[in-house]
Amino acid sequence: MRLRPTPALIPFLPLLFPSPLNQRLLSSCRPLSTAHIRLASTSSASMSTSMTASGRVIAVTFDLDDTLWDCLPPLKRANAAHIEHMRENYPKVEVDADKLRAEMLALRELLSPEEGASLTILRRKTIERLAERAGYAPEEVADSTMEVFMRERNKVDLFEGAVETLQQLRGKGLVVGAVTNGNADVARTPLKGLFDFSVLAGALGFPKPHPASFLEAAKLSNASPGQLVHVGDDFTTDIVGARAAGVRSVWYNPKGAPRPEGAAFRPDGEVAALAEVVGLVDGWR
16 MRLRPTPALI PFLPLLFPSP LNQRLLSSCR PLSTAHIRLA STSSASMSTS MTASGRVIAV
76 TFDLDDTLWD CLPPLKRANA AHIEHMRENY PKVEVDADKL RAEMLALREL LSPEEGASLT
136 ILRRKTIERL AERAGYAPEE VADSTMEVFM RERNKVDLFE GAVETLQQLR GKGLVVGAVT
196 NGNADVARTP LKGLFDFSVL AGALGFPKPH PASFLEAAKL SNASPGQLVH VGDDFTTDIV
256 GARAAGVRSV WYNPKGAPRP EGAAFRPDGE VAALAEVVGL VDGWR
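Numbering-wise, my numbering comes out as the position in the sequence shown, counting from 1, plus 15.
Pasting the structure below:
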């Protein structure tokens with residue numbers, strides 16, 4: 016079973032290139048970004064369909080991983096730390112990075128699409144499985160191990176301008192939220208107190224670029240989709256997804272990468288530095 020694209024996504028399907036959850040599971044920041052969306056073939060001509068947002072902007076959302084911080088360093092630390100925790104505290108659990116990866120892959124095939132879309136749920140259930148086989152209390156092992164993982168996961172090094180940008184937007188009376196396919200808890204990061212809400216798209220069962228997480232963000236902002244701006248670094252998950260939901264998009268593109276081949280539209284805005292977001296948003300208010 017796979018999630019099917021909503022009608023809003025169909026004009027943008029040529030940009031979505033799903034790949035199976037593979038060996039990058041423990042080292043990639045977005046292994047599930049498109050894996051749970053079944054794509055149908057369509058011509059690139061359909062990309063000309065416009066879903067332009069309109070309305071006075073009252074809220075801004077941000078992707079987290081690789082938009083406000085570099086994802087890989089904390090993720091690698093978290094992976095190493097929680098495996099070491101199991102080895103030291105639950106020695107009968109036979110686990111290393113390769114075994115954990117293989118177990119997660121195998122379990123994912125048995126889960127519902129909603130559960131499989133969340134790496135947090137998948138990781139926890141895998142740990143419970145391994146613990147039970149070894150004769151330990153599954154919930155106890157999972158609780159302590161996931162706490163170690165999340166503690167390291169949330170120790171992020173912010174990109175330049177992240178704090179100042181969020182502060183300035185909030186100072187202008189805008190609602191500021193997060194929409195992420197990851198599992199970072201913003202309340203446990205250095206950005207604590209700078210977000211009004213956080214949407215974990217995987218927990219919804221509909222990871223970006225599915226419109227569901229953007230529409231949920233609009234709801235939490237008390238805004239229409241046209242009154243919301245989303246900022247993110249991934250053209251597929253952030254820009255295509257926002258556009259499909261009728262939300263303005265700002266592509267955070269510090270390396271000046273070209274748009275993906277076949278992209279027949281541009282994001283509503285593009286910035287090389289986070290500080291530039293404030294000026295763009297001011298122009299839409």
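Think of the CB as a built atom: it goes at the ideal place given N, C-alpha and C, for glycine as much as any other residue.
- One thing to note: alanine 216 has its Cβ within 8 Å of the Cβ of asparagine 196.
- Three or more Cβ pairs drawn from the region 86 to 96 and the region 155 to 170 lie within less than 8 Å of each other, which places the two stretches in contact.
- A contact is defined here as three or more CB-CB pairs under 8 Å, and the region 264 to 272 fails this definition with respect to the region 150 to 164.
- Taken atom to atom, the span from the alpha-carbon of alanine 121 to that of arginine 148 is near 15 Å.
- At a Cβ-Cβ threshold of 8 Å, alanine 232 and threonine 76 count as neighbours.
- When only Cα atoms are considered, arginine 144 and serine 127 end up about 16 Å apart.
- Between the beta-carbon of threonine 180 and that of alanine 290 there is about 6 Å, and that keeps the pair under the 8 Å contact cut.
- Contact between the region 209 to 226 and the region 97 to 112 is absent: fewer than three C-beta pairs spanning the two stretches fall below 8 Å.
- Taking C-beta atoms as the reference points, valine 194 and arginine 185 fail to come closer than 8 Å.
- In this structure lysine 187 is exposed. Its beta-carbon is surrounded by fewer than 16 other beta-carbon atoms within 10 angstroms.
- In the three-state DSSP reduction, histidine 245 falls in the strand class (E or B).
- Put simply, the backbone Cα of glycine 261 is about 15 Å away from that of threonine 251.
- When beta bridges are read from the DSSP output, valine 72 appears opposite no residue.
- At the C-beta level, tryptophan 84 and leucine 173 come within 8 Å of one another.
- Linking glutamate 285 to alanine 257 through their CA atoms gives a straight-line distance of about 14 Å.
- Serine 236 sits close to alanine 74, with the two beta carbons spaced by under 8 Å.
- Using a Cβ distance threshold of 8 Å, threonine 141 and methionine 161 do not count as a contacting pair.
- Look at glycine 220 here: in three-state DSSP terms it is coil, with no helix or strand label.
- Sixteen is the threshold: since fewer than 16 other Cβ atoms of the shown chains lie within 10 Å of the Cβ of aspartate 297, the residue is exposed.
- In this model, leucine 243 and proline 89 are separated by some 29 Å (Cα to Cα).
- For valine 201, the closest C-alpha among the options Lys170, Ala152, Arg274 is that of Lys170.
- A straight-line Cα-Cα distance of about 15 Å links phenylalanine 229 and aspartate 211.
- For leucine 215, the enclosing beta strand (DSSP E) covers residues 212 to 215.
- In the three-state scheme derived from DSSP, where H, G and I count as helix and E and B as strand, aspartate 80 is classed as strand.
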